[in-house]
Structures are given as structure tokens and as C-alpha cells.
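Below you'll find the structure, written out as C-alpha cells, and then a few comments.
Residue numbers (the working numbering), protein chains in the order written: chain A, 2 to 285; chain B, 19 to 131.
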């Protein structure tokens, strides 16, 4: 376990550098000043909670801990949240299955909004920095997290990535999660909203096949709608399924290729960002 | 399939608890897993043994307490039982349900030495 922040060993890397490869400065002194009292060669069996020992009884005891399994992750997520709030940053966690057009949608967004908003990107993939390279080609600052064997980003990796990125105050942070509709649902990264992207080339029943993700998302982007005429995709059915899982989910139909519907998405981003700026004061 | 990461999370908690509560060995772990949480119990059991190897919880027994899914139906104004996240109200058929229980993933209790 990493002794700086308590992260467990893993395969994840930020820009090719292992996440727990921070500087470990070992300048603490190891002082052993406690007295070891040994009372001869006595064997103590009575040091259990009952201070007694019955033959054949073990000294095991029960400990009530009532802790959330994801407690550690949620702690990191909370830290990220306060770090982002202090800078007036809107963070969006983009989740989808692989091939839904997340990266294309993101590069188009970055290009179209370049002059309107300061934007930075955290890219999550199992391997390669191809996506971060594509993002950087738009001029936006981006950092790649490779999760190795991991199937999702966690709040700890994202926290380190935010530190590396050092985004300007009031910017929009896009976190492109690993293409996976299962695991990223459970891991809070400290984002303001999860945005699910579903392309119409996938099944219309995805929302009920992967309900956790669509339940966790605040916005659903139905992407690739330019392909609808060639497909057997029942868009009304898909919307009904999504609403069934999450009655409050907002749904926008877009095409990152033709640009159709993208203005709605941009407006959504701007309005969400505005809400983060309420009461925000630039630190001197 | 994030059961492996969940088990790593459990081990982290166990190690932290071991130093604060002063124990050296974990013999049994009781987990509370809601029926609406996206946890596959068989996968969790498998990952648990793998992750706990060479740790303070080596060979520890894993006991799982299932918590049934429950929700509040806006139409009936009553609590109802559900099996899946997108279930309709078993009484009125409405899908306006607010999930109230069954999503927990908790370490409840430990038997330690």
C-alpha cells in the first residue's frame, strides 16, 4: 500500500507513470522508545477482551465496523469535489460502451467551444495514449490515465490527474471514462454530472440492460442520430427505457459527425457551468 | 466485473482497522450487499480469496448478508419491495419509484484475532 495517500498497489498509470510513484521522502525517525516488559517466560492467554481464558477457546473477538466498501474511493471523490469547487470548475464524467463515439463527440465539442470556454480533459483507457493525443490536437490540455487491468477510473487516479493538469479556475473538466457501462457506475470521481453516451448503432434496450449506469447519469446523449435512416433503432422505445430506469434523466439527440443537436449539448454545458460559478470568487 | 477492485477496497479497510483496532488476523468478514447493487456474489467470493492471499485476511471466511431492494412509490405513498432497479410498483404498476434500500455495499462486522 502506498504510504503517501494509502492507495493500494495497482497497474494504473498517469501519462505512463505509475500512479503511486510519488516521491516517498523517508526522513522520519524510527524511534522505539516503548518499553518491552517481559515477565519472565510467562504465557498470557488472558489478554483477550474477556481477560480470561478457557481451554479450547480462541481469543478472537468481533469488531463492528459498518464501513462502506467504496468508502476510500468516496473519500477521494469528496476531496476532488472540494478541490474542483474551490476553483469553480464544472466536471463531467463521460461514460459509455466502447465505440459510442465519445472521443469524436469530445473533440468536436472542444473544437466548437474553443473560443467560448476554458476546457481540459482527463482520458481514461486501459492502454495507449491515442485518445489524449487526439484531444491535444484540438489545442486543449489533456492527460491520459491508463488503468492497466482496471475496468474503470477511480477517484484517486482522477485526483492525481487533476493535480498534474492544474486546470485554470472556472474551466470545464471532461473526464472520459473507460468504455464500459458496468463498473464506472459505482465509482464516484467527484464529478458534478455523469453524462452517458449511447449511440443508435447499439441496442435500444441498453438502458434496461445496464440500469445502474443510466440510473447514475444526469444526461443521456443519443449519438450518431444521422445514421437513424439506415438502422432499425426505435428511438422512442430507447427514451422510454431510459426514463423507466431514471425518471429524471435528461435526453438530447445529437450527431457528432454532422453537428445536428450539438448546440443543445453546448447549451447544457454552459448552463451547468453557470451554476458552478454562482457564488464563486476568484482567489487572490 | 469490478468485484476485484471492491475486494481491494475491503482489504484497505481491513488493514486500516487492523492498526487502529489492534488485531493481527481476520478470521471472518461479514459483508452487507444489497440486491440492487451491481455486485456479482460468485465473482466477489472468487476475487475475495485471490485478493486476501498473503494478507492479514488470508483464509478468512466470507459471509454475505443480502439486503432486499426497497423503494418508495410516489403514487401509492407507500414503501414497496422491488427486485430490480427499474421494476414497476408491484401494487399500482407505476415506475415513479424512489429506491430506498438494497444498494448498500458495506463491511458490517469482522471476527478478528
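All residues carry an ideal CB built from backbone N, CA and C; glycine is no exception.
(request) Evaluate residue 14 of chain A with the Cβ neighbour count: other Cβ atoms within 10 Å of its Cβ, from every protein chain shown; 16 or more gives buried, anything less gives exposed. (result) By the beta-carbon neighbour count (other beta carbons within 10 angstroms, threshold 16), residue 14 of chain A is buried.
(request) Excluding the 5 residues preceding and the 5 following residue 136 of chain A in the sequence, name in chain order all residues of the same chain whose CB lies nearer than 6 Å to its CB. (result) For residue 136 of chain A, the CB contacts under 6 Å within the same chain, skipping 5 residues up- and downstream, are 122 and 143 in chain order.
(request) State the CB to CB distance for the pair residue 171 of chain A and residue 278 of chain A, rounded to an integer number of angstroms; the pair is presumed to be in contact (CB under 8 Å). (result) By a beta-carbon distance limit of 8 Å, residue 171 of chain A contacts residue 278 of chain A. Their separation comes to about 6 Å.
(message) Check whether chain A comes within 8 Å of residue 113 of chain B, counting only Cβ atoms and requiring the distance to be less than that.
(response) For residue 113 of chain B, the nearest CB of chain A lies under 8 Å from its own CB, placing it at the interface with that chain.
(message) Which residues in chain A have a C-beta closer than 7 Å to the C-beta of residue 93 of chain B? List them in chain order.
(response) Result: empty, since nearest Cβ-Cβ is about 12 Å, beyond 7 Å.
(request) Hey, could you find the ends of the beta strand (DSSP E) residue 46 of chain B is sitting in? (result) Unbroken beta strand (DSSP E) run through residue 46 of chain B: 44-52.
(message) On the CB-based measure, 16 or more other CB atoms within 10 Å of its CB, does residue 44 of chain B come out buried or exposed?
(response) By the neighbour-count rule (16 or more Cβ atoms within 10 Å), residue 44 of chain B is buried.
(request) Kindly indicate which three-state DSSP category residue 74 of chain B falls into: helix, strand or coil? (result) Reduced to three states, the DSSP call for residue 74 of chain B is coil.
(request) Starting from the C-beta of residue 69 of chain B, find all residues in its chain whose C-beta is less than 8 Å away, skip the five residues before and the five after it, and write them out in chain order. (result) Once the five neighbours on either side are set aside, the close Cβ partners of residue 69 of chain B are 22, 25, 26, 28 and 29.
(message) Taking beta-carbon pairs under 8 Å, can you tell me which members of the segment 184-198 of chain A lie near chain B?
(response) Shown in chain order are the members of the segment 184-198 of chain A whose Cβ falls below 8 Å from a Cβ of chain B: 184, 186, 187 and 188.
(request) Would you list the residues sitting across from residue 87 of chain A in a DSSP beta bridge? (result) Paired residue(s): none; residue 87 of chain A is not in a bridge.
(message) Rounded to the nearest angstrom, what separates residue 205 of chain A and residue 259 of chain A at their Cα positions?
(response) Each residue's Cα considered, the two are about 21 Å apart.
(message) By the three-class DSSP mapping on this structure, what secondary structure does residue 20 of chain B have?
(response) In this structure, residue 20 of chain B counts as coil in the three-state DSSP scheme.
(request) Decide if the segment 32-44 of chain B is in contact with the segment 246-263 of chain A; the criterion is three or more beta carbon pairs, one per stretch, under 8 Å apart. (result) With a cut-off of 8 Å, the segment 246-263 of chain A and the segment 32-44 of chain B do not count as touching, because too few Cβ pairs lie within range.
(message) When you compare the segment 72-91 of chain A with the segment 153-163 of chain A, are there three or more beta-carbon pairs, one atom per stretch, that lie closer than 8 Å?
(response) They touch, by the three-pair rule.
(request) Specify the secondary structure class of residue 22 of chain A as computed by DSSP and reduced to three states. (result) At residue 22 of chain A, the pLDDT of 46 sits below 50, so the modelled position is not reliable; the number obtained from the coordinates is stated separately. For residue 22 of chain A, the secondary structure class from DSSP, reduced to helix, strand or coil, is coil.
(message) Going by C-alpha to C-alpha distance, which of B/131, B/20 and B/104 sits closest to residue 61 of chain B?
(response) Checked all of B/131, B/20 and B/104; the closest Cα to residue 61 of chain B is B/20.
(request) Within its chain, find whatever has a CB closer than 6 Å to the CB of residue 238 of chain A; leave out the 5 residues flanking it on each side and keep chain order. (result) Hits under 6 Å: 205.
(message) Taking 8 Å as the limit between beta carbons, can you name the residues of its chain near residue 218 of chain A, skipping five residues before and five after?
(response) Excluding residues within five positions, the ones whose Cβ falls inside 8 Å are 96, 194, 195, 196, 197, 247 and 250.
(message) Counting only C-beta atoms, is residue 152 of chain A closer than 8 Å to chain B at any point?
(response) Yes, because at least one Cβ of chain B sits closer than 8 Å to the Cβ of residue 152 of chain A.
(request) Could you please give the first and the last residue of the uninterrupted alpha helix (DSSP H) stretch that includes residue 157 of chain A? (result) Note, residue 157 of chain A: alpha helix (DSSP H), 156-166.
(request) Kindly indicate if chain B contains any beta-carbon less than 8 Å away from that of residue 62 of chain A. (result) So, interface residue.
(request) Step through the CB atoms of chain A and report whether any lies within less than 8 Å of the CB of residue 80 of chain B. (result) No - not a single Cβ of chain A is within 8 Å of the one on residue 80 of chain B.
(message) When you compare the CB of residue 74 of chain A with every CB in chain C, is at least one pair closer than 8 Å?
(response) Chain labels in this structure do not include chain C; the protein chains are A and B.
(request) Would you kindly work out how many angstroms separate the C-alpha atoms of residue 273 of chain A and residue 93 of chain A, rounded to a whole number? (result) Our two residues, residue 273 of chain A and residue 93 of chain A, have alpha carbons roughly 10 Å apart in a direct line.
(request) Examine chain A for any beta-carbon lying closer than 8 Å to the beta-carbon of residue 83 of chain B, and answer yes or no. (result) Not closer than 8 Å to any Cβ of chain A, the Cβ of residue 83 of chain B fails to qualify, so no.
(request) Check whether the Cβ of residue 36 of chain A lies closer than 8 Å to any Cβ atom in chain B. (result) Its pLDDT being 48, under 50, residue 36 of chain A is placed unreliably in this model, and the value from its coordinates should be taken loosely. Residue contact with chain B for residue 36 of chain A: absent (no Cβ-Cβ distance below 8 Å to any residue of chain B).
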